[in-house]
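> With mature numbering (1 follows the signal peptide of the UniProt record, and there is no 0) as the guide, the letters of the sequence shown map in order to residues -32 to -1, 1 to 419. The beta-carbon is built from N, C-alpha and C at its ideal position, and this holds for glycine as well. In this text the structure is predicted, and so the values were computed from the model without any measurement.
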Amino acid sequence: MRAKEIRRRNATAWLAVLLTLMATICCPQAHAQDFASDARAFHVFKGSGGPEDAGGQTPVVGARFQARQLIGLSATTSQLGELTRTMPQLLTSDPGYPLGAPIVELTDLDGFAHFIGLADGVYQVSELPQRIGNDYEQISNPFLVVVRSDVTFEPQIHAKSLTSPVVKTVDKTDINVDESLNYQVEATVVEVDASGKLYQLYIIDQLDDNLRNPRNFRVTAGNLARDIVLDGATDYTVAVDGQRLDLELTEHGLEQVAAIRPGHPETKLKFSFDVDVAHTVVDGVVVNNCAIYRPDGLVSRPLNAPVAAKNKPVFKLVAVYAKQQQIMPTSCPLVGKDGVPVTGFGSNTASVTVHNPAPEEKPWYIPVILLPIFGLGSSGHGSSGGSSTVQGEKPATADQNQATKNPLKRLDQSLAMTGASIIGLVIVALLLALGGLFFLGAKRRKDEEEA
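#1: Entirely within the segment 195 to 282 and at least 3 residues each: give me those beta strand (DSSP E) ranges in chain order.
#2: In the DSSP output, which residue or residues are listed as bridge partners for Lys140?
#3: Mapping DSSP to helix, strand and coil, what is Ile395?
#4: Strictly by DSSP, which residues pair up with Glu50?
#5: Check for me: the beta strand (DSSP E) holding Ala35 runs from which residue to which?
#6: Identify whether Arg186 lies in helix, strand or coil by the three-state DSSP scheme.
#7: Under the three-state reduction of DSSP, which class applies to Leu302: helix, strand or coil?
#8: What's the gap between the Cα of Phe80 and the Cα of Lys14?
#9: What residue range does the beta strand (DSSP E) around Val150 cover?
#10: Label Val29 either buried or exposed according to how many other C-beta atoms from any shown protein chain fall within 10 Å of its C-beta, with 16 as the threshold for buried.
#11: According to the neighbour-count rule (16 or more other Cβ atoms, all chains shown, within 10 Å of its Cβ), is Glu50 buried or exposed?
#12: Could you check what DSSP says for Thr26 in three-state terms: helix, strand or coil?
#13: Applying the 10 Å Cβ sphere with the 16-neighbour rule, what's the burial state of Val320?
#14: Using the three-state DSSP reduction, which class does Arg116 fall into: helix, strand or coil?
#15: Can you give me the start and stop residues for the beta strand (DSSP E) that Ile71 sits inside?
#16: Nearest CA to the CA of Asp264: which residue from Leu192, Asp209, Gln57 and Ile100?
#17: May I ask you to report which of helix, strand or coil DSSP gives Gln57?
#18: For residue 423, is the classification buried or exposed, using 16 other Cβ atoms within 10 angstroms of its Cβ as the cut-off for buried?
#19: Going by C-alpha distance, which of Glu234, Gln98, Thr137 and Pro182 is nearest Val157?
#20: Ile260 and Asp214 - do their beta-carbons sit closer together than 8 Å?
#21: Straight-line CA distance for Ala189 to Thr311?
#22: Give the secondary structure of residue 420 by DSSP, where H, G and I count as helix, E and B as strand, and everything else as coil.
#23: Mind checking Ala(-1): buried by the 16 CB within 10 Å criterion, or exposed?
#24: Using the C-alpha atoms, what's the distance from Ala155 back to Pro133?
#25: Identify the continuous beta strand (DSSP E) that holds Val310 and give its terminal residues.
#26: Alpha carbon to alpha carbon, how far is Val90 from Gln57? Give it in angstroms, no decimals.
#27: Within 10 angstroms of the Cβ of His232, are there 16 or more other Cβ atoms? Answer buried if so, exposed if not.
#28: For Lys136 and Pro27, what's the separation of their Cα atoms in angstroms?
#29: Taking only three categories from DSSP, how would you classify Gly164?
#30: Per DSSP, what kind of secondary structure is Arg412 in: helix, strand or coil?
#31: Note down the Cα distance separating Gly198 from Gln211, rounded to an integer number of angstroms.
#32: Could you spell out where the beta strand (DSSP E) holding Val145 opens and where it closes?
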């Protein structure tokens, strides 16, 4: 009897052990199956490198992503592209829809930030800055995600970190010499740091040698919510050194731009100016011009280095690259005064064709009063003193004969017909004076001979 009781207890113990093992093995699977069946989640991946090689990127650990539901907005995944194109404000802090409470997740060792247990709807996802100070940080562009409980998969999004574009435009593509052009450089303002500050905004423009007299500088900043005009007295400086323009925002100007940047990735800085085209440009010459943009973290501020020979400060450009990658201009190379390439985001090239037609050759005119002297007159007194008529021409009219008899009237008519210049009048006066002197000399000699 006792042996039977012992066997029963052993069997119960083994059964308990078996049930424990089954629970240990099966419970995680049951949890995983339950998670897989609830697709109200999405996962964001961030890797170092460009967006074109997302599959081979190195995971970035610790990046902070924030998701907020756009309450009241309904859309499918296929509609998101058109939505962001027609309603870019959906990616800003003023989307036009109420925003849900922020949900913040960090990327793990695999580079993923996991957003789980969400309500159905459209979510705005953005990366939060973590840098402090004038350092480069590759911030991902904001995007939209649709969360639906009736789908059988969880979206995985590769966040795209794009460079800050800079675009240069000109108001005319064809121009005549001595006319003016208006150039505009438009640069995307980078995300502020974790304390809400910007530390440097430079635009460098090496003007083409055929451009002259840069002037009328104007700097503005704006986005979908607000536009501001910066003051040249307090917000920025423009240094003109030969053909080179250097725009630099002051600390006060940086504060003005930083105040409108948070939550608005579409914020732009615009720099415009007028410039003349040199009159020496040959017809058909194409003037090419581009600009370089240097926001936070790309290069250090220009250093004033004393020169012993002239004892004057000069700009020495020192390149300080980001830790993650080196940014070099691709379409707008520029070399500093010390020979070091200026790094930054290069703009496109704004091209203008200049027209300088050759001046029309004006025919030479001889005043009519001089024609008899050169034997070119069509009528007048010949050497014999009689009148002569060129063969094939009509005899002179009474008015023409009167003009011939009156030199002053003939001169007046000649000037009206030929448009003689002041120089022509001076030459005629000199010839008349010489003729008068010759006449007086001849008369004096004749009087002496008669005496």
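With the structure as the only source:
#1: DSSP runs (the beta strand (DSSP E)) wholly in the segment 195 to 282: 195 to 197, 204 to 209, 212 to 217, 236 to 245, 254 to 257, 259 to 262 and 271 to 274.
#2: Against the sequence shown, residue 140 aligns to sequence position 172. Its beta-bridge partners do not exist; DSSP assigns none.
#3: Mapped onto the sequence shown, residue 395 falls at position 427. Residue state, collapsed to three classes: helix.
#4: The count along the sequence shown starts at 1 and reaches residue 50 at position 82. The partner list for Glu50 (beta bridge, DSSP) is empty, contrary to what the question assumes.
#5: One-based indexing of the sequence shown puts residue 35 at position 67. Run containing Ala35: Arg32 to Gln37, per the beta strand (DSSP E) assignment.
#6: Looking up residue 186 in the sequence shown gives position 218. It is a strand residue.
#7: Within the sequence shown, numbered from 1, the residue matching residue 302 stands at position 334. In this structure, Leu302 counts as coil in the three-state DSSP scheme.
#8: Counting from one through the sequence shown, the residue named residue 80 turns up at place 112. Counting from one through the sequence shown, the residue named residue 14 turns up at place 46. Cα to Cα, Phe80 sits roughly 7 Å from Lys14.
#9: Taking the sequence shown and counting its residues from 1, the one referred to as residue 150 is at position 182. Looking at the sequence shown, residue 150 is not Val but Asn. Unbroken beta strand (DSSP E) run through Asn150: Ser148 to Thr156.
#10: Mapped onto the sequence shown, residue 29 falls at position 61. That one is exposed.
#11: Locating residue 50 in the sequence shown gives position 82, counting from the first residue. Label assigned to Glu50: exposed.
#12: What you label residue 26 is simply residue 58 of the sequence shown in a count that begins at 1. DSSP, read as helix, strand or coil, puts Thr26 in strand.
#13: Within the sequence shown, residue 320 is the residue found at index 352, counting from 1. By the beta-carbon neighbour count (other beta carbons within 10 angstroms, threshold 16), Val320 is buried.
#14: Taking the sequence shown and counting its residues from 1, one reaches residue 116 at position 148. Note: Arg116 maps to coil in three-state DSSP.
#15: Within the sequence shown, numbered from 1, the residue matching residue 71 stands at position 103. Residue range Ile71 to Leu74 is occupied by the beta strand (DSSP E) that includes Ile71.
#16: To locate residue 264, count along the sequence shown from 1; it is residue 296. The candidate whose alpha carbon is nearest that of Asp264 is Ile100.
#17: Translated into the one-based positions of the sequence shown, residue 57 becomes position 89. The DSSP-derived three-state label of Gln57 is helix.
#18: Because the chain spans -32 through 419 in this model, residue 423 falls outside it and cannot be assessed.
#19: Indexing the sequence shown from 1 puts residue 157 at position 189. That would be Glu234, whose Cα lies nearest to the Cα of Val157.
#20: In the sequence shown, residue 214 corresponds to position 246, counting from 1. In the sequence shown, residue 260 corresponds to position 292, counting from 1. For the 8 Å CB-CB criterion, Asp214 and Ile260 do not form a contact.
#21: Residue numbering aside, residue 189 sits at position 221 when the sequence shown is read from its first letter. Residue numbering aside, residue 311 sits at position 343 when the sequence shown is read from its first letter. Per the coordinates, the alpha-carbon of Ala189 lies some 23 Å from the alpha-carbon of Thr311.
#22: For residue 420 there is no data in the structure shown, the boundaries of the chain being -32 and 419.
#23: For this step, residue -1 is matched to residue 32 along the sequence shown. Reliability fails at Ala(-1), whose pLDDT of 34 lies under 50, so the model's placement of it is uncertain and the value that follows must be treated cautiously. Exposed, because fewer than 16 other Cβ atoms sit within 10 Å of the Cβ of Ala(-1).
#24: Taking the first residue of the sequence shown as 1, we reach residue 133 at position 165. Taking the first residue of the sequence shown as 1, we reach residue 155 at position 187. Going from the Cα of Pro133 to the Cα of Ala155 covers about 6 Å.
#25: Counting from one through the sequence shown, the residue named residue 310 turns up at place 342. No beta strand (DSSP E) holds Val310; DSSP gives it neither H nor E.
#26: Stepping through the sequence shown from its first residue, residue 57 is reached at position 89. Stepping through the sequence shown from its first residue, residue 90 is reached at position 122. Whole-angstrom Cα-Cα distance: 14 Å.
#27: Along the sequence shown, read from residue 1 onward, the residue named residue 232 stands at position 264. For His232, the number of other beta carbons within 10 angstroms of its own is at least 16, and it is reported as buried.
#28: Within the sequence shown, numbered from 1, the residue matching residue 136 stands at position 168. Within the sequence shown, numbered from 1, the residue matching residue 27 stands at position 59. Whole-angstrom Cα-Cα distance: 35 Å.
#29: The count along the sequence shown starts at 1 and reaches residue 164 at position 196. When secondary structure is reduced to three states using DSSP, Gly164 falls in the coil class, being assigned neither helix nor strand.
#30: Counting from one through the sequence shown, the residue named residue 412 turns up at place 444. Here Arg412 carries a helix assignment [DSSP, helix/strand/coil].
#31: Within the sequence shown, the letter at position 230 stands for residue 198. Within the sequence shown, the letter at position 243 stands for residue 211. Reading off the sequence, residue 198 comes out as Leu, not Gly. Roughly 24 Å separates the two Cα atoms.
#32: Counting from 1 along the sequence shown, the entry for residue 145 is found at position 177. Where Val145 is concerned, there is no enclosing beta strand (DSSP E), given that its DSSP letter is neither H nor E.
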